[in-house]
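First up is the structure itself, then whatever we jot down about it.
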Amino acid sequence: MSDLSPYDTLGVEESASFEEIQRAKEILLTENEGNAQIKEDVEIAYDAIIMDRLKLRQEGKIKVPEQIRFPEKVVEAKKSPISFNYSGASKRSPNWLTDLIDQPSMQELSISGLIFLALILLSVFSQDSQILPLLLTFGLGTSFFFVFRKSKAFWRSVGVSFFGFVIAISLSSLLATVIANSGLSLGFSNEQFVSLLTFSLLWLSANFTR
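Just so we're aligned, residue 8 is where the sequence shown starts under my numbering, counting upward by one.
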């Protein structure tokens, strides 16, 4: 990997966004956790790209995100699991939560949003109630696709997608029951209402988890 350019080492294009570069770095570090040499090469390539971006910013050629203007502070913060607030109290960052939460790009939000919007419209306006289970299955598969696309870990993606689906359909069913018991009219069947909410929650899960 040492003979490759920094961008080739991370497997990204030179036009890649900061989010794409950072995500590629995190994926490579996770996949090569036991290989110290590869991890070192990845860190060196990442730092080289950041310094290159800072140089371009100083020349007025690009706009660099705020979080990479001072990379030495970012590195220092990553090395220490303890952070201090102004009152002097310490806090420990939960690594499992940091690994689970993702910050999607507008393109990812738009593409997945169109797919889930189509599923919502089909579930709400379809006259055949037997199609709803098929649409929900497709929604689960879509959620898995977007999570796997980011994490590149098959079983992790299966677990995240399935767990998100169970939570989504459980919350949707509970809310539908509460509304039905209150006497409010939804304008469509409970099954359609559950599908609508489930797809909305699956969209959130597919984009903001990895």
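Backbone N, C-alpha and C fix where the C-beta goes; we use that ideal spot for every residue, glycine too.
Straight-line gap, residue i to residue j (C-alpha atoms, nearest Å)
{"i": "Phe152", "j": "Ser192", "result": "35 Å"}
{"i": "Leu208", "j": "Gln137", "result": "21 Å"}
{"i": "Ala253", "j": "Thr144", "result": "Residue 253 lies beyond the residue range present for the chain, which begins at 8 and ends at 217; the question has no answer from this structure."}
{"i": "Asp135", "j": "Ser177", "result": "22 Å"}
{"i": "Gly18", "j": "Ala55", "result": "14 Å"}
{"i": "Phe25", "j": "Leu126", "result": "32 Å"}
{"i": "Ala23", "j": "Phe132", "result": "40 Å"}
{"i": "Asn39", "j": "Leu182", "result": "43 Å"}
{"i": "Ile108", "j": "Ser179", "result": "22 Å"}
{"i": "Arg64", "j": "Ser12", "result": "20 Å"}
{"i": "Ala6", "j": "Asn197", "result": "Nothing about residue 6 can be read from this structure; the chain reaches only from 8 to 217."}
{"i": "Gln29", "j": "Thr37", "result": "12 Å"}
{"i": "Asn147", "j": "Gly171", "result": "First, the amino acid is wrong: residue 147 is Leu here, not Asn. If you take the alpha carbons of Leu147 and Gly171, they lie about 9 Å apart."}
{"i": "Phe161", "j": "Ser189", "result": "42 Å"}
{"i": "Leu141", "j": "Val201", "result": "14 Å"}
{"i": "Val173", "j": "Phe206", "result": "12 Å"}
Per DSSP, cross-strand counterpart(s) of residue i
{"i": "Thr216", "result": "Ile108"}
Beta-carbon proximity list for residue i, same chain, < 7 Å, skipping 5 on both sides
{"i": "Thr16", "result": "Met8, Asp48, Val49 and Ala52"}
{"i": "Val154", "result": "Ser164, Val167, Ser168, Ala213, Thr216 and Arg217"}
{"i": "Ser150", "result": "Ser168, Gly171, Phe172, Leu209, Ser212 and Ala213"}
Integer-rounded CB distance, given that residue j should sit under 8 Å from residue i
{"i": "Ser130", "j": "Leu139", "result": "6 Å"}
{"i": "Trp210", "j": "Ser117", "result": "Wrong, their Cβ atoms sit about 11 Å apart, outside the cutoff."}
{"i": "Lys159", "j": "Ile45", "result": "Contact doesn't hold; Cβ gap of about 15 Å is too wide."}
Cβ-based burial, residue i [other Cβ within 10 Å; buried from 16]
{"i": "Gln199", "result": "buried"}
{"i": "Leu203", "result": "buried"}
{"i": "Gln110", "result": "exposed"}
{"i": "Val82", "result": "Bear in mind that a pLDDT of 44 at Val82, under 50, signals an unreliable position, so the model cannot answer this."}
{"i": "Phe57", "result": "Checking the sequence, you will find Ile at residue 57 rather than Phe. Its Cβ being crowded by 16 or more others within 10 Å, Ile57 is buried."}
{"i": "Val185", "result": "exposed"}
{"i": "Arg156", "result": "exposed"}
{"i": "Ala31", "result": "buried"}
{"i": "Ser112", "result": "exposed"}
C-beta neighbour in chain D for residue i, strict 7 Å
{"i": "Glu40", "result": "As a matter of chain content, chain D is missing from the structure shown, which is built from one protein chain."}
Own chain, CB closer than 6 Å to residue i, minus 5 neighbours either side, in chain order
{"i": "Glu21", "result": "Tyr14"}
Neighbourhood of residue i by C-beta, 8 Å cutoff - its chain only, sequence neighbours within 5 removed
{"i": "Ala96", "result": "Residue confidence for Ala96 is low, a pLDDT of 39 falling below 50, so the modelled location carries little weight; the figure read from the coordinates is stated next. Excluding sequence neighbours, Ala96 sits near nothing in its chain."}
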